[in-house]
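Numbered per the working numbering, the sequence shown spans residues 27 to 423. Ideal Cβ placement from N, Cα and C applies to all residues, glycine included. For clarity, every value in this text was computed on a predicted model and none was experimentally measured.
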Amino acid sequence: MRPLDLLADFPAIPRGWHYLDTAATSQKPQPVLDAINRAYGETYATVHRGVYQRSADMTLAYEAARKRVAKFLGGREEEVVFVRGATEGINLVAQCWAGTQLKAGDRILLSTLEHHSNIVPWQMVAERVGAEIDVVPLTADQRIDLDAMAAMLTDRHKLVALAHVSNVLGSVLDAKRATALAHKVGAKILLDGCQAVPRMPVDVAEIGCDFYVMSGHKLYGPTGIGALWGRYELLDAMPPYQGGGSMIDRVTFAKTTYAPPPGRFEAGTPHIVGVVGLHAAIDYVEGIGLERIHAHETALVTQAREALSQLNSVRLFGPADSAGIVSFAVEGVHPHDVATILDEANVAIRAGHHCAQPLMDSLGVPATARASFGVYNGASDIAALVAGIERVTRIFG
């Protein structure tokens, strides 16, 4: 399969700049920018409220995007809730499902490699209701240890929440097996798909999970928009997350009744143009083909890991088949210094704890440097990364 050559689609990446921070946020292709500009500059109106033609047309576009997200994830449109991002999606489930279903003595199962957004909301709920949290360890090659998970699960576990792809290690969860293990003890499972949906096909029906969250800005779409997919019967039993316009059926001062899902969870004027941009982003990645994207990024990861492994002072983290992400440390050099020197060579990487401090503690490091790839990256980016790290080792020699 030929490498992707799509750099020309991304006007914010100038010639000679090597953007290797896609796991934090992706750059935006021209079709997404065009869709956003059209929505603001030509077709803009509110949704769900106006009876005039443009509002009706924008409502149709908004709901067409919901249908697009549902198809993208393998669910039904009435199961897709638009949120500000995956973090809000997780908080919604934490407050509206876990906060109403869990009681003292119940248990929540997380893993060592989770992003803070898949830790803190569960801690907040657990503290409020008296539930407890257990943490699945990692295997020797730094994947979520599903054998350990199987041994840890009990009928007291009511919820499992795991990253489909680690934002630090790039390790890919066997989501189908994890779901089967959770369901075996009667627990519900939420998957954090932020790093998965830009890189590989996802089918929630095939996986069998109960909740799935994604963010738009990592999927070549706008910031401030994402989606929560949830089984309809679960969403239908959940109380609203916020009160306001649009999420109601009937309001009186005596009592308010709520709209059915997903409207129940979308209070207020939504991020209309963000939804339109998300639709365009999904069209863009599916036009390329997620299998092609995954193969392209896998090849880049292999190339990067092989090159970095030749440098004696570099320690690599994560499995060899990580999805689009390579985390590393340079001996004796803080990752922030690595990133600063790379920036001088026009190579942009992420350095820090990556909102995964418990994982850093497990790895025994305060932080890592992270290079992450997208459809716009190629061999020249890896060459620039390696040359930059060689310069780091010379400077700190």
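Unbroken stretches of the beta strand (DSSP E), 3 residues or longer, contained in the region 231-257 | Listed in chain order, they are 237-241, 252-256.
Mind the definition here: the region 72-90 touches the region 228-241 only if three or more C-beta pairs lie below 8 Å; say whether that holds.
-> no
Look at the Cβ atom of residue 408, then the Cβ atom of residue 336, and state whether they are nearer than 8 Å.
-> no
Kindly list the residues whose CB is nearer than 6 Å to the CB of residue 431, restricted to its own chain and excluding five residues on each side of it in sequence; keep chain order.
-> There is no way to answer for residue 431, as the model of the chain reaches only from 27 to 423.
Around the C-beta of residue 79, are 16 or more other C-beta atoms found within 10 angstroms, so that it is buried, or is it exposed?
-> exposed
State the DSSP-derived secondary structure class of residue 73, mapped to helix, strand or coil.
-> coil
Excluding the five sequence neighbours on either side, which residues of its own chain have a C-beta within less than 8 Å of the C-beta of residue 180, listed in chain order?
-> 133, 211
With which residues is residue 398 paired in a DSSP beta bridge?
-> Per DSSP, 47, 351.
Between residue 351 and residue 193, what straight-line distance do the alpha-carbon atoms span, to the nearest angstrom?
-> The C-alpha of residue 351 lies about 7 Å from the C-alpha of residue 193.
Would you call residue 140 buried or exposed, if buried means 16 or more other Cβ atoms sit within 10 Å of its Cβ?
-> buried
Using CA coordinates, which residue listed in 347, 326, 361, 319 is at the minimum distance from residue 339?
-> 361
Beta strand (DSSP E) runs contained entirely in the region 326-377, provided each spans 3 or more residues = 340-343, 351-356
Does the separation of the CB atoms of residue 46 and residue 411 fall below 8 Å?
-> Result yes, Cβ atoms of residue 46 and residue 411 sit closer than 8 Å.
Can you give the Cα-Cα distance for residue 380 and residue 280, rounded to whole angstroms?
-> 47 Å
State the DSSP-derived secondary structure class of residue 164, mapped to helix, strand or coil.
-> Residue state, collapsed to three classes: strand.
Using three-state DSSP, classify residue 81 as helix, strand or coil.
-> helix
Where residue 291 and residue 278 are concerned, what is the direct C-alpha to C-alpha distance, given to the nearest angstrom?
-> 19 Å
Tell me the DSSP bridge mates of residue 135?
-> According to DSSP, which records beta bridges pairwise, residue 135 is partnered with 160, 186.
Determine the closest residue to residue 218 out of 188, 358, 37, 401, with distance taken between C-alpha atoms.
-> 188
Verify whether the separation of the beta carbon atoms of residue 251 and residue 305 is less than 8 Å.
-> no
Just how far apart, CA to CA, sit residue 289 and residue 320?
-> Here the alpha carbons of residue 320 and residue 289 stand approximately 34 Å from one another.
Looking at the structure shown, is residue 411 part of a helix, part of a strand, or coil, going by DSSP?
-> If DSSP states are grouped into helix, strand and coil, residue 411 belongs with the helices.
For residue 391 and residue 353, the rounded distance between their alpha carbons = 12 Å
Is it right to say residue 105 is buried, meaning 16 or more other beta carbons lie within 10 angstroms of its own, or is it exposed?
-> buried
Alpha-carbon spacing of residue 81 relative to residue 173, whole angstroms | 52 Å
Check residue 41 in the structure and name its three-state DSSP category.
-> In the structure shown, residue 41 sits in coil (DSSP, three-state: anything other than H, G, I, E or B).
Could you name the residues of the same chain whose beta carbon sits closer than 7 Å to that of residue 275, not counting the 5 residues immediately before and after it, in chain order?
-> 283, 284, 285
Beta carbon proximity, residue 296 to chain C, threshold 8 Å = Here there is only one protein chain, and chain C is not present.
Starting from the Cα of residue 107, find the closest Cα among 253, 60, 196 and give me that residue.
-> 253
According to the Cβ coordinates, are residue 145 and residue 152 closer than 8 Å?
-> No. Outside cutoff.
For residue 23, which three-state DSSP category applies?
-> In the structure as shown, the chain starts at 27 and stops at 423, and residue 23 therefore has no counterpart that could be examined.
Identify the residues that DSSP records as bridge partners of residue 214: which are they?
-> The bridge partners DSSP lists for residue 214 are 185.
So what's residue 419 in DSSP terms, helix, strand or just coil?
-> helix
Provide the residue(s) that pair with residue 274 in DSSP beta bridges, ordered along the chain.
-> Bridge partners of residue 274: 284.
Taking the beta strand (DSSP E) that residue 223 falls in, what are its first and last residues?
-> That residue, residue 223, is in no beta strand (DSSP E); it is neither H nor E in DSSP.
Bridge partner(s) assigned by DSSP for residue 106 = According to DSSP, residue 106 bridges with 255.
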